[in-house]
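See structure below.
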Amino acid sequence: QVFTFNAVEIQVQPSVRVNNGAPMSIVCHADISKSTNFQLKHNFTIFKDGKLVFTTVSDKGDAQYEIPMARSSDTGDYECTVEADGKTKSSNSLHVWVIGMTKPILTAEKKEVLEGEVVKLRCELPEEEPPLYFFFRKIKMNSTPKEKHVFEPYRNFSVVEFSVEEGDNILQFDCFGRRNVKLEFESSEHSNKTLVTVREPFIKPTLIAKPSSNVTEGDRIQFECSTVVARMRNIEIILQKNRTILKSVRDEKLLKHSVVATLEHSGEYLCKVEQGRASKTTKLNVAVSELFPKPILAASMSTLDENKELTLSCSISGFRKANFAILRKNSTGDILLKNSRNLTMRVNVNDTGSYICKAEVKGIVKESKPVKINVYAPVSKPTLSVVSGLPEVVLGKPLWLICHSVMGTPPITFTFYKGNEVKKIVTNDTYATFLDENIQQNDERGYKCEARNKHSSGMETSNILNVTVIVPIENASLGSIPFGEVEDGSETIFLCSVNGGSWPIHFRIFRKTDREILVYEKSENADRIVWHKETMKRQDTGTYYCMASNRANVDVKSHTITISVILAAWKKGIIAAFVLIPIAGAVTLALWWFFHKKKKAKGPAMEMSGSALATNLTSGKMTGQHNDGDYYSGSGYIEDSENHMKPTDESKGPDLESDEVEYTEVEVSTLDPHRAPVQKGTETVYSEIRKANN
66 QVFTFNAVEI
76 QVQPSVRVNN
86 GAPMSIVCHA
96 DISKSTNFQL
106 KHNFTIFKDG
116 KLVFTTVSDK
126 GDAQYEIPMA
136 RSSDTGDYEC
146 TVEADGKTKS
156 SNSLHVWVIG
166 MTKPILTAEK
176 KEVLEGEVVK
186 LRCELPEEEP
196 PLYFFFRKIK
206 MNSTPKEKHV
216 FEPYRNFSVV
226 EFSVEEGDNI
236 LQFDCFGRRN
246 VKLEFESSEH
256 SNKTLVTVRE
266 PFIKPTLIAK
276 PSSNVTEGDR
286 IQFECSTVVA
296 RMRNIEIILQ
306 KNRTILKSVR
316 DEKLLKHSVV
326 ATLEHSGEYL
336 CKVEQGRASK
346 TTKLNVAVSE
356 LFPKPILAAS
366 MSTLDENKEL
376 TLSCSISGFR
386 KANFAILRKN
396 STGDILLKNS
406 RNLTMRVNVN
416 DTGSYICKAE
426 VKGIVKESKP
436 VKINVYAPVS
446 KPTLSVVSGL
456 PEVVLGKPLW
466 LICHSVMGTP
476 PITFTFYKGN
486 EVKKIVTNDT
496 YATFLDENIQ
506 QNDERGYKCE
516 ARNKHSSGME
526 TSNILNVTVI
536 VPIENASLGS
546 IPFGEVEDGS
556 ETIFLCSVNG
566 GSWPIHFRIF
576 RKTDREILVY
586 EKSENADRIV
596 WHKETMKRQD
606 TGTYYCMASN
616 RANVDVKSHT
626 ITISVILAAW
636 KKGIIAAFVL
646 IPIAGAVTLA
656 LWWFFHKKKK
666 AKGPAMEMSG
676 SALATNLTSG
686 KMTGQHNDGD
696 YYSGSGYIED
706 SENHMKPTDE
716 SKGPDLESDE
726 VEYTEVEVST
736 LDPHRAPVQK
746 GTETVYSEIR
756 KANN
């Protein structure tokens with residue numbers, strides 16, 4: 066018994082688009098091929114949007130899922146799966162759309178409400194599945210409906226509240242639903258209309274002005290605002306003008322407010338009655354006629370010198386019977402000067418300020434526009450100086466000048482001059498600054514400044530300021546006589562000079578060995594200095610340079626020179642004498658001894674002893690020369706190691722002929738290279754010294 070699934074198909078009857086409320090069938094068909102005609106059990110399963118909605122077992126190749134009355138909730142993607150004898154096959158997905166939604170049901174919590182209260186509504190789509198959109202409408206006669214909408218992702222009903230406003234009397238409400246199917250919106254029909262009756266908690270307020278809404282300045286006007294209330298609890302009456310609350314009462318039916326009318330009281334007044342959320346208003350326009358115009362303050366002059374007379378006069382056009390007062394404005398309060406229409410006074414600088422006058426008629430006080438009075442003290446003679454302090458400037462640097470006037474009422478106008486040329490005009494309080502960036506070396510023009518304000522005395526001029534231009538130093542150089550090598554104890558002259566630069570110039574000479582040492586300094590009104598160093602010593606050997614500076618504060622350094630202090634010639638002679646005299650003496654003594662021995666050998670009495678002694682001496686010397694001594698060509702020095710090591714006190718005796726020869730070693734150390742020519746190594750000089758008893 067062999068079989069195989071050819072296909073599994075799903076169909077909808079009568080169509081994939083079904084009207085809401087109509088019958089609908091989901092048919093699943095399995096196309097199977099068999100080797101023989103045998104019975105086969107089929108397990109049919111139908112899914113909607115992935116959820117199981119129907120299952121059955123049949124030996125036929127078809128199964129049918131009946132929906133007698135289709136609803137919008139039946140809209141979705143359907144799929145059929147067939148299982149037989151361990152084999153399973155599924156159909157493709159099929160989308161079914163049930164067109165139309167059920168009619169929503171709307172209910173209101175109350176059928177009758179007061180103004181200021183709320184109406185609570187509930188809209189339900191009983192046979193629909195979320196997510197759903199709910200739309201509520203508040204319908205009022207002769208007005209556009211107000212609408213609210215709510216999205217409900219998890220339930221098929223929604224609740225909203227509508228406030229009842231002033232003027233609402235008979236209200237109707239309805240709702241409808243909407244859903245999203247395959248990115249398309251489908252709406253339900255509107256629900257039944259629900260009627261709600263509105264009652265007034267109080268009547269619209271009445272606002273009147275007594276004696277009239279048209280009054281004259283100085284008249285007393287009284288505002289009255291009243292209403293009729295259903296219940297007195299939590300009621301409030303408020304009187305406003307231009308959003309400013311003038312007065313309010315609570316838990317009363319009548320509000321009264323009285324004032325003396327002025328021009329400022331003209332305008333629109335509003336009476337508002339509030340209770341809970343309910344609110345009603347009434348408006349009233351009030352016109353106040355002018356009793357008299359604002360006074361005018363006149364001044365004899367607005368700008369004047371101190372100690373001059375100032376006259377202030379206050380007047381009302383076409384009106385003379387009034388009480389006048391002249392005052393000076395002040396941040397802490399106006400200062401009364403005189404209760405009169407006229408004021409004359411002698412002013413000083415402190416009287417600068419704003420003045421007003423006030424006029425009073427029938428309790429109405431009006432104020433004039435302020436008049437500005439400026440009193441000026443004359444400027445003092447200005448002082449012109451350099452900001453840095455000293456009246457000098459380095460060539461190539463900018464020059465900052467400041468002009469200052471100690472006395473004088475600001476603003477003060479300062480004018481800067483270079484020579485007779487105007488360079489800058491500045492208006493400031495007590496000082497002004499000027500920057501001159503065009504400084505020339507030979508510019509001899511002086512600076513001055515002028516100061517003036519609005520005082521009639523005119524301007525004041527400073528003294529002329531002459532500024533010294535300091536030229537920086539260039540190219541310092543150093544030389545010496547003698548140059549290079551200098552004998553110990555001799556005099557050396559150093560010359561340090563510069564090219565250009567303003568005097569005085571400060572010269573410094575440094576010696577540099579392992580550290581830098583200042584050896585000489587001097588300030589001169591010249592472009593060079595000469596330093597006589599009378600005695601040069603060995604420690605004066607080193608590298609020298611000079612540094613020059615002036616008030617430009619720029620140090621200029623010269624090139625370096627090297628000075629070597631060597632040994633003086635007379636010292637070299639003394640050293641040579643100390644070395645050569647002993648050598649000459651030793652040679653003379655050796656020759657004398659040699660000839661003396663030879664003479665002695667001729668005598669018969671001394672022949673044998675002399676021969677033996679000569680033989681021993683000659684033998685010893687030759688042995689030392691050939692075996693241990695070194696011969697230096699041209700030096701005339703012989704080193705005898707045997708006789709050098711022999712004790713000096715051997716064979717002492719009174720006889721000069723039998724005296725022994727002593728050899729003494731003299732070491733000549735290498736001289737300083739600055740004192741004598743360099744000699745390498747150490748010379749060893751042996752002298753034969755005849756020992757004598759004396």
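Residue numbering for the sequence shown follows our numbering, starting at 66 and increasing by one per position. Backbone N, C-alpha and C define an ideal beta-carbon position, used for all residues, glycine too.
Which two residues bound the contiguous beta strand (DSSP E) that contains residue i?
| i | result |
| --- | --- |
| residue 238 | 235 to 246 |
| residue 568 | That residue, residue 568, is in no beta strand (DSSP E); it is neither H nor E in DSSP. |
| residue 149 | 141 to 149 |
| residue 315 | 309 to 315 |
| residue 305 | 300 to 306 |
| residue 260 | 259 to 264 |
| residue 563 | 557 to 564 |
| residue 409 | 407 to 411 |
| residue 501 | 496 to 501 |
| residue 75 | 68 to 78 |
| residue 493 | 486 to 493 |
| residue 287 | 285 to 291 |
When you compare the CB positions of residue i and residue j, do they come within less than 9 angstroms of one another, or not?
| i | j | result |
| --- | --- | --- |
| residue 571 | residue 518 | no |
| residue 631 | residue 579 | no |
| residue 426 | residue 356 | yes |
| residue 629 | residue 600 | no |
| residue 261 | residue 241 | no |
| residue 195 | residue 218 | yes |
| residue 317 | residue 303 | no |
| residue 766 | residue 111 | Lying before the first or after the last residue shown, residue 766 is absent from the chain, which here runs from 66 to 759. |
| residue 226 | residue 183 | yes |
| residue 113 | residue 142 | yes |
| residue 545 | residue 562 | no |
| residue 387 | residue 376 | no |
| residue 390 | residue 404 | yes |
| residue 180 | residue 79 | no |
| residue 610 | residue 622 | yes |
| residue 224 | residue 187 | yes |
| residue 251 | residue 341 | no |
| residue 332 | residue 314 | no |
| residue 171 | residue 259 | yes |
| residue 325 | residue 428 | yes |
Spatial neighbours of residue i within its chain, please: CB distance less than 6 angstroms, with the 5 preceding and 5 following residues excluded, ordered by chain position.
| i | result |
| --- | --- |
| residue 69 | 98 |
| residue 289 | 273 and 321 |
| residue 127 | 94 |
| residue 520 | 370, 441 and 443 |
| residue 129 | 90 and 92 |
| residue 475 | 494 |
| residue 432 | 421 and 423 |
| residue 74 | 94 and 156 |
| residue 83 | 89, 135 and 163 |
| residue 202 | 210, 212 and 239 |
Quick one: residues in its chain with C-beta nearer than 7 angstroms to the C-beta of residue i, no 5 flanking neighbours on either side, listed in chain order?
| i | result |
| --- | --- |
| residue 152 | 70 |
| residue 269 | 345 and 347 |
| residue 254 | 168 and 241 |
| residue 256 | 168, 169, 170, 171, 188, 239, 240 and 241 |
| residue 327 | 282, 353 and 429 |
Enumerate in chain order the residues of its own chain whose CB-to-CB distance from residue i is below 8 angstroms, with the five nearest sequence positions on each side excluded.
| i | result |
| --- | --- |
| residue 498 | 452, 465, 466, 467, 468 and 491 |
| residue 720 | With a pLDDT of only 40 at residue 720, under 50, the local geometry of the prediction cannot be trusted, and the value read off the model is given with reservation. Result list for residue 720: empty, nothing under 8 angstroms. |
| residue 120 | 108, 109, 110 and 111 |
| residue 447 | 468, 469, 470, 479, 514, 515, 516, 525, 526 and 527 |
| residue 589 | 568, 569, 570 and 572 |
Quick check on residue i - is its C-beta less than 9 angstroms from some C-beta in chain C?
| i | result |
| --- | --- |
| residue 570 | Here there is only one protein chain, and chain C is not present. |
Worksheet item: For the stretch 608 to 623 against the stretch 524 to 544, are there 3 or more C-beta pairs whose distance is under 8 angstroms?
Response: yes
Discussion item. Below 8 angstroms, how does it come out for the stretch 556 to 570 and the stretch 518 to 529: are there three or more Cβ pairs, yes or no?
Written reply: no
Practice prompt. Ignoring anything shorter than 4 residues or poking outside the stretch 568 to 599, list the alpha helix (DSSP H) runs there in chain order.
Written response: none
Worksheet item: Should the stretch 137 to 149 be called in touch with the stretch 205 to 217, which here means at least 3 C-beta pairs below 8 angstroms?
Response: no
Worksheet item: Does the stretch 453 to 462 come close enough to the stretch 385 to 405 to have 3 or more Cβ pairs within less than 8 angstroms?
Response: no
Fill in: Continuous beta strand (DSSP E) assignments of at least 3 residues falling wholly in the stretch 317 to 399
For the stretch 317 to 399, the full-length beta strand (DSSP E) segments reaching 3 residues or more read 319 to 325, 332 to 340, 343 to 354, 361 to 364, 368 to 370, 374 to 380 and 388 to 393 along the chain.
Practice prompt. Write down every uninterrupted run of the alpha helix (DSSP H) in the stretch 640 to 670 whose length is 4 residues or greater and which is fully enclosed by it, in chain order.
Written response: none
Item to complete: Any chance you could list the beta strand (DSSP E) runs of at least 3 consecutive residues sitting entirely within the stretch 428 to 455, in chain order?
Response: 429 to 432, 436 to 441 and 448 to 451
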